[in-house]
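To keep things clear, I will list the structure first and then write my remarks on it.
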Amino acid sequence: MQHGQRRTGPHRTFEELVAEGAAVPTEGWDFSWFEGRATEARPSWRYAESLAGRLAGARAALDVQTGGGEVLGLALGAAPHRPRPVAATEGWPPNVARATALLRPYGVVVVAVPDDAPLPFADGAFDLVSSRHPVRPHWNEIARVLQPGGTYAAQHVGPASVFELVEYFRGPRPEEQRGARHPDRERADAEAAGREVVVLRAERLRREFHDIAAVVHFLRKVVWMVPDFTVEAYEDRLRALHERIATEGPFVAHSTRHLFDVRKPAGTG
1 MQHGQRRTGP
11 HRTFEELVAE
21 GAAVPTEGWD
31 FSWFEGRATE
41 ARPSWRYAES
51 LAGRLAGARA
61 ALDVQTGGGE
71 VLGLALGAAP
81 HRPRPVAATE
91 GWPPNVARAT
101 ALLRPYGVVV
111 VAVPDDAPLP
121 FADGAFDLVS
131 SRHPVRPHWN
141 EIARVLQPGG
151 TYAAQHVGPA
161 SVFELVEYFR
171 GPRPEEQRGA
181 RHPDRERADA
191 EAAGREVVVL
201 RAERLRREFH
211 DIAAVVHFLR
221 KVVWMVPDFT
231 VEAYEDRLRA
241 LHERIATEGP
251 FVAHSTRHLF
261 DVRKPAGTG
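Going by the UniProt record's numbering, the sequence shown opens with residue 1, and the numbers climb by one from there.
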């Protein structure tokens with residue numbers, strides 16, 4: 001079966017669905033493949049649209065951990081005016097190549113930078129830094145490359161996101177892991193770095209998986225959810241979940257997201 005072709009209906013076997021989910025490429029952050037087989041409610045603040053407005057008013061912008069560049073490209077395409085320059089960083093080589101190809105028409109320079117490395121830009125180089133779902137925000141580096149008065153505008157993944165699925169495969173997670181990425185902790189870290197949190201909003205959003213192919217592809221794509229995931233290692237749990245979905249309907253989980261608007265106060269270094 002070619003990518004994009006789907007045979008729907010009650011007669012698809014577990015083996016067919018798993019094979020399909022295991023064959024889909026995982027590069028980038030384009031989730032269009034899930035259409036019709038998984039759903040996720042979107043945050044009310046419409047991050048890409050908000051970013052487009054931010055970009056229209058910026059002079060120099062940086063997108064950190066841009067993935068395949070899909071969200072930045074969407075925002076740049078919708079922005080009535082674009083800053084110059086625009087740069088982006090990404091740490092995973094397949095995504096670097098994808099983002100470079102996607103963002104080149106917008107004049108974006110994509111720089112390969114490991115997620116935990118210092119940003120290779122001068123102090124105060126940008127008045128806008130953005131990021132959608134960074135692995136971890138490096139507040140000191142973000143503050144360093146921002147101009148005084150500049151803004152960090154981002155959407156972060158929140159605590160225990162999609163943990164219903166994680167715990168189905170891995171069992172109950174320790175409380176310290178469930179509390180990681182909590183917006184209050186991240187607010188405290190930003191403020192400890194001398195930054196002013198202007199806006200912080202959080203939402204919990206319903207997600208449904210309608211077949212086991214969607215589960216397999218999701219766990220292959222979002223690798224930190226179940227780090228040791230392979231179809232072979234989890235075949236029994238996958239088969240049981242396939243039967244549960246067939247009998248009870250979609251597997252329901254919840255994503256957590258929070259929106260940050262953080263300002264570097266004027267007159268600070």
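Just so you know, even glycine gets a beta-carbon here, dropped at the ideal spot from N, CA and C.
For Ala61, DSSP records a beta bridge to Val86, Leu128. For the pair Leu200 and Phe260, the CB atoms are nearer than the 9 Å cut-off. Phe260 carries a strand assignment under DSSP once its states are collapsed to helix, strand and coil.
Rounded to whole angstroms, the separation of the alpha carbons of Arg237 and His258 is 31 Å. Where Arg104 is concerned, there is no enclosing alpha helix (DSSP H), because DSSP gives it neither an H nor an E.
If you draw a 10 Å sphere on the C-beta of Glu175, you find fewer than 16 other C-beta atoms in it, and that means exposed. Phe163: member of the alpha helix (DSSP H) spanning 163-170, first to last residue. Contact annotation: Arg98 and Glu27 have beta-carbon atoms nearer than 9 Å. Annotation for Tyr152: the continuous beta strand (DSSP E) segment containing it runs 146-157. A direct Cα-Cα distance of roughly 43 Å separates Ala214 from Asp123. Bounds of the beta strand (DSSP E) holding Ala202 are 196-209. Around the C-beta of Pro105, fewer than 16 other C-beta atoms lie within 10 Å, and the residue is accordingly described as exposed. For Glu40, the enclosing beta strand (DSSP E) has its first and last residue at 38-40. Assigned with DSSP and collapsed to three states, His133 falls in coil, not helix or strand.
Only residues of its own chain outside the window of five on either side were considered, and among them Pro148, Gly194 have a CB closer than 7 Å to the CB of Thr268, listed in chain order. Note that the segment 48-67 does not touch the segment 31-39; fewer than 3 beta-carbon pairs, one per stretch, sit closer than 8 Å. Rounded to whole angstroms, Ala87 and Pro183 show a C-alpha spacing of 26 Å. Counting only residues of its own chain and dropping the five nearest sequence neighbours on each side, Arg206 has a CB closer than 7 Å to the CB of Ala41, Val252, His254.
Asp116 places its beta carbon less than 9 Å from that of Val135. Residues Thr39, Pro250, Val252 of the same chain have their beta carbon placed closer than 6 Å to that of Glu208, with the five preceding and five following residues left out of the count.
For Leu76, the enclosing alpha helix (DSSP H) covers residues 70-78.
Under the three-state reduction of DSSP, Ser44 is assigned to coil, being neither helix nor strand. Thr230 counts as exposed, since fewer than 16 other beta carbons sit within 10 angstroms of its beta carbon.
Membership of Glu20 in the alpha helix (DSSP H) is indicated by the continuous run 14-23. Val223 carries a coil assignment under DSSP once its states are collapsed to helix, strand and coil.
In this structure Thr151 is buried. Its beta-carbon is surrounded by 16 or more other beta-carbon atoms within 10 angstroms. Taking a contact as a CB-CB distance under 8 Å, the pair Val24 and His217 counts as one, their CB atoms being some 5 Å apart. Between Ala48 and Pro80, the CB-CB gap reaches or exceeds 9 Å.
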